[in-house]
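Per my numbering, the sequence shown runs over residues 19 to 265. From the three backbone atoms N, C-alpha and C, an ideal C-beta is built for every residue, glycine too. So the structure is just underneath, and the comments pick up after that.
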Amino acid sequence: MDMDKRIHLELRNRTPSDVKELVLDNCRSNEGKIEGLTDEFEELEFLSTINVGLTSVANLPKLNKLKKLELSDNRISGGLEVLAEKCPNLTHLNLSGNKIKDLSTIEPLKKLENLKSLDLFNCEVTNLNDYRENVFKLLPQLTYLDGYDRDDKEAPDSDAEGYVEGLDDDEEDEDEEEYDEDAQVVEDEEDEEEEEEGEEEDVSAEDEVNGWAGWGHHLPESALFAASASVPLNASVTSLWQPGSPG
């Protein structure tokens with residue numbers, strides 16, 4: 019499926035201005051360029067175009083609210099100055115698995131003043147001497163490079179995994195709270211059922227003993243002793259059979 023059709027599919031009867039997250043992974047780009055994406059996506063905060071065959075981001079529209087951009091596993095080798103122009107508020111950028119060979123290629127990212135996290139895994143530039151030290155010098159606004167800060171401390175999950183995952187944290191917390199409440203209700207109901215069953219068993223045993231005592235004097239002695247085997251131990255046979263009763 020080409021990118022234009024994929025965008026139409028992802029809209030799901032929404033207008034572009036209603037979309038905050040757009041995932042176009044593994045579709046086909048036309049001649050290595052972005053297509054079908056317009057500046058009508060004015061509320062877009064997350065865009066993912068992983069493995070779509072991009073060689074350029076030149077066709078990227080103006081996306082002022084875009085925070086996270088996934089461009090990994092493409093064939094981009096330069097032209098990153100477009101990002102500073104079209105996505106000025108970008109905070110997370112993933113360029114892993116592209117054809118970025120030297121520091122000069124990422125130098126235009128200096129203009130992205132809000133850029134907090136940059137990933138360059140599996141790019142040739144990572145093989146340069148003092149790669150991490152030099153990238154942090156080149157891009158002083160960065161907090162995390164390839165998931166770690168200047169002191170080699172790993173980024174929290176919310177930063178390492180990206181921006182958008184954090185958008186639904188409140189909803190997940192609410193779901194967990196509702197689940198806990200439902201589980202507690204079920205547990206309370208089960209406890210009540212067990213208590214009721216226990217009370218019914220006690221009443222049943224008591225009725226059984228009283229029943230034997232009530233009609234025991236009408237039974238022959240042999241039948242009485244046979245029946246007493248099913249009576250609880252604390253109900254004595256003599257209490258059921260009274261001397262002088264018909265034999």
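Cβ-based neighbour list, residue 164, same chain, cut-off 7 Å, excluding 5 preceding and 5 following: The count along the sequence shown starts at 1 and reaches residue 164 at position 146. Excluding positions up to five away in sequence, the list reads 137, 138, 139.
Inset, instruction - Note down, in chain order, each residue of its chain lying with its Cβ closer than 7 Å to the Cβ of residue 54, except the 5 sequence neighbours on either side. - result: Looking up residue 54 in the sequence shown gives position 36. Contacts found: 21, 22, 25.
Residue 4 and residue 42: beta carbons closer than 8 Å?
-> Given a span of 19 to 265 for the chain in the structure shown, any question on residue 4 remains unanswerable.
Under 8 Å by Cβ, that's how I've got residue 81 and residue 62 pegged, so tell me the actual separation to the nearest angstrom. Taking the sequence shown and counting its residues from 1, the one referred to as residue 81 is at position 63. Taking the sequence shown and counting its residues from 1, the one referred to as residue 62 is at position 44. Sure, about 5 Å apart at Cβ, within 8 Å.
ask   = Rounded to a whole number of angstroms, what is the C-alpha to C-alpha distance between residue 28 and residue 68?
value = Mapped onto the sequence shown, residue 28 falls at position 10. Mapped onto the sequence shown, residue 68 falls at position 50. Residue 28 and residue 68 have their C-alpha atoms some 15 Å from each other.
- prompt: By DSSP, does residue 163 sit in helix, in strand, or in coil?
  reply: On the sequence shown, position 145 is the one that residue 163 refers to. In this structure, residue 163 counts as strand in the three-state DSSP scheme.
**Study point:** Burial state of residue 57 (16 or more Cβ within 10 Å)
**Key:** Stepping through the sequence shown from its first residue, residue 57 is reached at position 39. Residue 57 is exposed by the Cβ-count criterion.
Exercise for the section: Quick one: using the 10 Å Cβ neighbour count with 16 as the cut-off for buried, is residue 266 buried or exposed? Expected result: This structure leaves residue 266 out entirely; the chain is present only between 19 and 265.
Exercise. According to DSSP, which residues form a beta bridge with residue 40?
Worked result: If you number the sequence shown from 1, residue 40 lands on position 22. Beta-bridge analysis with DSSP links residue 40 to 65.
Considering only the alpha carbon of each residue, which of 49, 171, 141, 73 lies closest to residue 115?
Indexing the sequence shown from 1 puts residue 115 at position 97. Check the Cα spacing between residue 115 and each of 49, 171, 141, 73: the tightest is with 141.
Item to complete: Leaving aside the five residues before and after residue 94 along the sequence, list all residues of the same chain whose C-beta is less than 8 Å from its C-beta, in chain order.
Response: Start at 1 with the first residue of the sequence shown, and residue 94 comes out as number 76. If we look at residue 94 and ignore the five residues flanking it on each side, its Cβ neighbours are 72, 73, 74, 75, 113, 116, 117, 118.
*For the alpha helix (DSSP H) holding residue 99, just list the boundary residues, first then last.*
Here residue 99 refers to the residue found at position 81 of the sequence shown. That run of the alpha helix (DSSP H) goes 99-104.
According to DSSP, is residue 134 helix, strand or coil? Taking the first residue of the sequence shown as position 1, residue 134 is located at position 116. Coil.
Residue 152 - containing alpha helix (DSSP H), residue span = As a first step, residue 152 must be located in the sequence shown, where it is residue number 134. Its alpha helix (DSSP H) spans residues 149-156.
Give me the Cβ distance between residue 133 and residue 111, rounded to the nearest whole Å; I'm assuming they're in contact under 8 Å.
Numbered from 1 along the sequence shown, position 115 holds the residue referred to as residue 133. Numbered from 1 along the sequence shown, position 93 holds the residue referred to as residue 111. That pair is a contact at about 6 Å.
Where the alpha helix (DSSP H) through residue 171 begins and ends: Taking the first residue of the sequence shown as 1, we reach residue 171 at position 153. Premise fails: residue 171 is in no alpha helix (DSSP H) and is neither H nor E.
| Is it right to say residue 104 is buried, meaning 16 or more other beta carbons lie within 10 angstroms of its own, or is it exposed? | Along the sequence shown, one-based indexing puts residue 104 at 86. Residue 104 counts as buried, since at least 16 other C-beta atoms from the protein chains shown sit within 10 angstroms of its C-beta.
ask   = For the putative contact between residue 100 and residue 120, defined by C-beta atoms under 8 Å, what is the C-beta separation to the nearest angstrom?
value = For the purposes of this step, residue 100 is taken as residue 82 along the sequence shown, with counting starting at 1. For the purposes of this step, residue 120 is taken as residue 102 along the sequence shown, with counting starting at 1. The C-beta distance from residue 100 to residue 120 rounds to 18 Å, too long to fall under 8 Å, and the pair is not in contact.
Express the C-alpha separation of residue 88 and residue 14 in angstroms, rounding to a whole number. The question about residue 14 has no answer here: the residues shown for the chain are numbered 19 through 265.
Q. Residue 91 to residue 50, Cα distance in whole Å?
A. In the sequence shown, the residue the question calls residue 91 occupies position 73. In the sequence shown, the residue the question calls residue 50 occupies position 32. Straight-line Cα distance between these residues: approximately 12 Å.
Q.
Which residue marks the beginning of the beta strand (DSSP E) containing residue 111, and which one marks its end?
A. Residue numbering aside, residue 111 sits at position 93 when the sequence shown is read from its first letter. For residue 111, the enclosing beta strand (DSSP E) stretches over residues 110-112.
**Asked** Which residues in the same chain have their Cβ closer than 6 Å to the Cβ of residue 191, if we skip the five residues on either side of it in sequence?
**Response** Within the sequence shown, numbered from 1, the residue matching residue 191 stands at position 173. Because residue 191 carries a pLDDT of 46, less than 50, the predicted location of this residue cannot be relied on, and no value is offered for it.
Look at the alpha carbon of residue 159 and the alpha carbon of residue 30, and state the distance between them as a whole number of angstroms.
For the purposes of this step, residue 159 is taken as residue 141 along the sequence shown, with counting starting at 1. For the purposes of this step, residue 30 is taken as residue 12 along the sequence shown, with counting starting at 1. When rounded, the distance between both Cα atoms is 37 Å.
Q: Check the DSSP bridge columns for residue 20 and list the partner residues they point to.
A: Along the sequence shown, one-based indexing puts residue 20 at 2. Answer by DSSP bridge pairing, in chain order: 46.
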